[in-house]
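Just so you know, the protein sequences line up as chains H and L, in that order.
Sequential numbering of the first sequence, starting at 1, is according to my numbering.
Sequential numbering of the second sequence, starting at 1, is according to my numbering.
Okay, structure first, notes after.
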Amino acid sequence: MTDATHGTAEPAEPRRRKASLYASDAHTRRRNAAEKRFRAYGIAAIAIGLFFLLVLLVTIVRNGTPAFTQTFVTIEVALPADKLDKSGNRDIEEMKKVSTFGYAPLVDDALAEALAQAGIETPFANAKDLRQIVSASVAAQVRDAVLADPALVGTSHEFRLLAASRVDGYMKGRVTRESVARDKNISAEHLDIVDQMIAAGLVERRFNPGFVFGADASESRPESAGIGVSMLGSFFMMLVVLALALPIGVAASIYLEEFATQNRFTDLIEVNISNLAAVPSIVFGILGLAVFIQFAHLPSSAPIVGGLVLTLMTLPTIIISTRASLKAVPPSIREAALGVGASKMQTVFHHVLPLAMPGILTGTIIGLAQALGETAPLLLIGMVGFIASNAPASFADGFLAPNSAMPAQIYEWAKRADPAYYERAWGGIIILLVFLMVMNIIAIILRRRFERRW
Amino acid sequence: MSPLWLLILILVLAIAGFAIGRTRAMASVDDHRKLHSRPNYYGTNVAMLAFAPAALLLAVWVVAQPIVINASVSHLIPETSYEDAGALNLIMSDVKRVAEGLDVAVAQGALSAEEARSIRTEFTDVRARLGEVGVALGANVDRDVLRAAQAYRARAATGTWFMTAAVLIVALAGFFFAIREARGDFRARNRVENGILTLLITAASIAILTTLGIVLSLLFNTIEFFRLYPALDFFTRLEWAPSFSGRGGASALGILPLLWGTFYISIVALLVATPIGLFAAIYLSEYASKRVRAFAKPLLEVLAGIPTIVYGLFALLTVGPLLVSVFGNGGLLGVDWMGGGRAVMTAGITMGVMLIPFVSSLSDDIINAVPQAMRDGSYGLGATQSETVRQVVLPAALPGIVGAVLLAASRAIGETMIVVLGAGAAARMSLNPFEAMTTVTAKIVSQLTGDSDFASPEALVAFALGITLFVVTLGLNVLALYIVRKYREQYE
């Protein structure tokens with residue numbers, strides 16, 4: 001109920017006889033308090049919104065930054081010729097016959113040797129028990145290095161080996177002695193050794209380029225998982241979106257804005273575009289699954305299918321912004337061109353379109369950014385549920401070979417049971433957000449720089 | 001000739017046609033000013049007529065040929081060897097793989113073309129022969145599959161031959177027709193511009209095609225689903241328990257628990273987003289100084305630009321555990337309402353945060369559209385600013401705000417990643433907001449990911465869920481737009 005109407009409802013009765021201009025009466029005070037309260041609600045609402053934003057960003061940065069560093073064990077590994085190259089003629093094909101199982105004992109021995117040199121006592125009699133300190137991928141790492149440079153055989157070489165995910169978690173505070181009590185991957189004794197290795201300088205945490213550029217790894221080796229391959233998947237998808245959505249979107253907008261007469265067909269298109277802009281993204285995923293994979297038999301999980309689906313999803317965004325920037329070009333430009341004898345088509349392509357281009361590009365970049373972060377349709381066309389471990393071999397493979405995409409990879413990591421993968425998911429989000437931020441900043445700069453006010 | 005080479009060939013023809021058409025038109029007049037159009041239009045006309053019809057034919061052929069051949073070859077498989085359409089599909093994909101294997105073998109010289117045509121399972125171990133050239137087959141090739149594969153190859157070869165001929169004939173016909181036309185008095189520009197206009201219209205029609213594709217793909221699969229599973233059960237059953245082993249029968253696929261979860265989570269989200277968004281919009285449009293507005297509005301909108309997977313992870317790893325530490329066993333409140341991090345509240349609150357900028361931006365626009373004269377009138381009667389907002393601005397903007405909330409609701413219902421990660425997987429009809437429930441979108445994802453068989457009701461149900469989702473969100477959007485549009489008419 002309101003005071004204003006209340007007042008007018010009983011005009012005859014002079015209620016505030018003792019009203020003074022200098023001292024506000026109870027009624028006015030109440031109204032002013034209500035005013036203040038109302039304003040406080042508004043401020044609180046904005047504060048809550050900004051608070052959520054802040055919490056979100058802080059959470060992402062705090063949980064994600066550890067993913068960029070990784071614990072490494074630096075040790076000297078002896079590479080005896082009698083084990084790695086029995087014939088002694090350094091023939092690569094022959095050396096390839098020694099599998100990672102042949103290399104693993106070397107790493108074990110090297111670890112034991114390094115511990116002995118640093119004067120660290122181990123409770124383990126068997127050097128093999130030390131293996132849990134380093135990642136399961138180190139044997140392959142040593143093998144790759146040897147195959148890349150056969151001259152290493154017979155020498156000792158210093159390797160920087162990935163530490164096991166549990167050791168990494170211990171360094172980052174995720175794993176404690178209590179939590180490893182029932183963990184069969186590592187024991188408290190291992191952590192004691194790690195403590196001493198840190199003191200001896202054998203174990204250190206440093207920037208891990210493998211996370212940004214590397215491939216995904218299996219469920220049991222979070223320490224060697226990276227987002228690089230799925231980044232390539234996203235890149236190829238964005239190429240498809242750019243190559244299709246920009247020309248189609250611009251052509252459609254030109255038709256609708258410059259040529260279409262008001263009729264049923266035009267109305268139908270307009271209604272469709274505005275509806276498509278509001279269709280949930282998961283429905284586009286169903287469309288992609290049914291049309292591109294089931295009907296057209298395109299390879300599932302391939303970036304080209306993802307690109308096609310995201311193109312259809314991005315089109316409405318691009319069309320809406322392109323039409324807005326075409327509309328912003330003043331009619332006088334068109335009239336002048338028509339006046340000197342240009343055809344309608346020439347007017348549009350020679351004069352209107354170039355003037356609208358900055359706006360179109362801005363809209364396109366924003367559309368691309370939206371497509372880059374979209375996950376739901378990718379789940380349906382099969383870009384999750386497998387390990388994107390191989391970078392595409394060729395340009396065509398980039399489009400056709402199964403791959404993941406950045407948001408799908410993040411989802412994949414978030415689903416895995418090992419908490420070490422959560423850290424990688426947050427780290428992946430940081431990379432994704434950096435991409436989005438850069439794209440949006442470019443869009444803003446384009447707009448500031450080139451947008452003309454008529 | 002492979003489609004790619006054919007495409008390159010007609011492209012070359014088009015480029016040559018451009019040059020010839022241009023030169024011919026220029027040569028046909030003594031003075032360039034006598035040309036009807038600029039010289040390039042004559043060239044473009046030739047290129048267009050040589051390329052466009054042929055390329056269109058090529059595209060249609062490439063799409064249609066496998067379908068036609070597939071249909072004709074599948075007759076070769078005896079009906080006794082398969083039970084239903086799904087099994088036939090599997091056999092046909094074997095046939096295709098064998099056919100491709102034979103192609104590879106011929107290309108590598110492991111088999112002569114004659115051998116590939118006449119090879120018989122009775123005399124040769126086809127699987128081993130194909131294995132030698134790097135084509136791995138899952139099972140031994142049986143006689144019918146091999147025969148079908150050979151027929152497939154033969155028909156594909158004939159089809160490709162006809163395609164090459166047809167495309168080249170069309171391209172050459174267009175080419176020579178346009179060359180003959182390339183004379184000075186021909187209105188080349190009009191022809192070219194009509195061609196471009198056709199292209200523009202086609203591009204605009206893609207929106208219609210997309211909608212059509214969505215509706216048809218949902219509809220056909222839904223009809224297929226209802227053939228396997230009664231529609232009445234789907235819409236009225238209160239239980240959702242798909243079986244993963246058998247086909248049909250054992251599964252209970254009622255949509256109601258999913259709809260309940262969807263609406264419950266959406267309502268929680270709107271209860272978070274609407275007051276915050278609305279008050280933020282009111283403050284930004286009525287009270288805030290220019291500087292505050294220029295700072296707070298874009299920052300709030302950042303919330304809308306963050307990908308939903310980020311919110312999903314935020315719900316799963318931050319909001320969920322936080323809520324458990326307050327409402328869960330041994331939590332701050334000392335109540336044991338919440339069993340796990342995944343719950344209606346978890347997803348709802350996170351989604352509410354995501355929706356704040358939707359509500360605030362749309363409401364902001366609508367509040368700004370209320371004419372200043374109405375506010376001035378209210379101030380003139382002695383109302384304070386908040387009284388003006390409550391009694392004049394908000395009632396005037398109400399239809400628009402309702403529209404904004406409906407749009408936000410439609411987003412909430414269609415949102416996938418937050419509920420997939422934050423809401424849980426158990427379909428449940430309960431009133432406790434701290435329990436895990438699931439939604440339509442989450443179930444679409446779980447039924448369609450993985451190696452599901454698309455012919456089973458457990459997979460097809462996703463399409464029925466999809467069409468329900470599509471209809472509900474579309475209905476909400478149309479309603480919202482209708483309300484907003486109706487309101488706009490009042491003040492313009």
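Positions of the beta carbon are idealized from the N, C-alpha and C atoms, including for glycine.
This structure is a prediction, so every number in the text was calculated from the model and none was measured.
8 Å contact criterion, which residue i and residue j should meet: CB distance rounded
i, j, result
"residue 287 (chain L)", "residue 306 (chain H)", "Going by Cβ atoms, the distance from residue 287 (chain L) to residue 306 (chain H) rounds to 45 Å, so no, they are not a contact pair."
"residue 401 (chain L)", "residue 278 (chain L)", "7 Å"
"residue 310 (chain H)", "residue 241 (chain H)", "5 Å"
"residue 207 (chain H)", "residue 67 (chain H)", "Incorrect: roughly 11 Å between the Cβ atoms, too far for contact."
"residue 249 (chain H)", "residue 308 (chain H)", "Contact doesn't hold; Cβ gap of about 14 Å is too wide."
"residue 375 (chain H)", "residue 307 (chain L)", "7 Å"
"residue 463 (chain L)", "residue 262 (chain L)", "About 17 Å separates the two Cβ atoms, so there is no contact after all."
"residue 368 (chain H)", "residue 439 (chain H)", "6 Å"
"residue 49 (chain L)", "residue 235 (chain L)", "That belief does not hold up - the Cβ atoms of residue 49 (chain L) and residue 235 (chain L) are roughly 54 Å apart, past 8 Å."
Residue i - partner residues in DSSP beta bridges
i, result
"residue 460 (chain H)", "What the structure shows of chain H is the stretch from 1 to 454, and residue 460 (chain H) is not part of that stretch, so it cannot be assessed."
"residue 156 (chain H)", "H:78"
"residue 559 (chain L)", "Outside the displayed range of chain L (1 to 492) lies residue 559 (chain L), so it cannot be described from this structure."
"residue 134 (chain H)", "H:163"
Collapsed DSSP secondary structure at residue i in the structure displayed
i, result
"residue 319 (chain L)", "helix"
"residue 240 (chain L)", "strand"
"residue 162 (chain H)", "strand"
"residue 253 (chain L)", "strand"
"residue 170 (chain L)", "helix"
"residue 384 (chain H)", "coil"
"residue 329 (chain H)", "coil"
"residue 38 (chain L)", "coil"
"residue 194 (chain L)", "helix"
"residue 210 (chain L)", "helix"
"residue 376 (chain L)", "helix"
"residue 186 (chain H)", "coil"
"residue 280 (chain L)", "helix"
"residue 176 (chain H)", "coil"
"residue 129 (chain H)", "helix"
"residue 186 (chain L)", "coil"
"residue 15 (chain L)", "helix"
"residue 96 (chain H)", "coil"
"residue 454 (chain H)", "coil"
"residue 477 (chain L)", "helix"
"residue 29 (chain L)", "coil"
With 16 other Cβ atoms within 10 Å as the buried cut-off, status of residue i
i, result
"residue 371 (chain L)", "exposed"
"residue 117 (chain H)", "exposed"
"residue 403 (chain H)", "buried"
"residue 441 (chain H)", "exposed"
"residue 480 (chain L)", "buried"
"residue 193 (chain L)", "buried"
"residue 321 (chain H)", "buried"
"residue 161 (chain H)", "buried"
"residue 388 (chain L)", "buried"
"residue 176 (chain H)", "exposed"
"residue 350 (chain H)", "exposed"
"residue 108 (chain H)", "buried"
"residue 155 (chain H)", "exposed"
"residue 318 (chain L)", "buried"
"residue 271 (chain L)", "exposed"
"residue 36 (chain H)", "exposed"
"residue 340 (chain H)", "exposed"
"residue 64 (chain H)", "buried"
"residue 217 (chain H)", "buried"
Min CB distance residue i to chain B below 7 Å
i, result
"residue 45 (chain H)", "The structure shown has no chain B; the protein chains it does contain are H and L."
Can you give, in chain order, each stretch of the alpha helix (DSSP H) that sits fully within the region 19–91 of chain H and has at least 4 residues? Along the length of the region 19–91 of chain H, whole alpha helix (DSSP H) runs at least 4 residues long occupy 26–64, 81–84, reported in chain order.
Where in the region 300–371 of chain L do unbroken runs of the alpha helix (DSSP H), each at least 4 residues long, occur, reported from the N-terminal end onward? Whole alpha helix (DSSP H) segments, 4+ residues: 308–314, 320–327, 344–369.
Can you give, in chain order, each stretch of the alpha helix (DSSP H) that sits fully within the region 266–303 of chain H and has at least 4 residues? 281–287, all fully within the region 266–303 of chain H.
Residue ranges of each alpha helix (DSSP H) run of no fewer than 4 residues wholly in the region 412–466 of chain L, ordered along the chain? Runs of the alpha helix (DSSP H) inside the region 412–466 of chain L: 417–422, 440–448.
Kindly provide the ranges of any alpha helix (DSSP H) runs that are 4 or more residues long and lie completely inside the region 333–409 of chain H, ordered along the chain. As far as the region 333–409 of chain H is concerned, its whole alpha helix (DSSP H) runs of at least 4 residues are 353–373, 376–380, 395–400.
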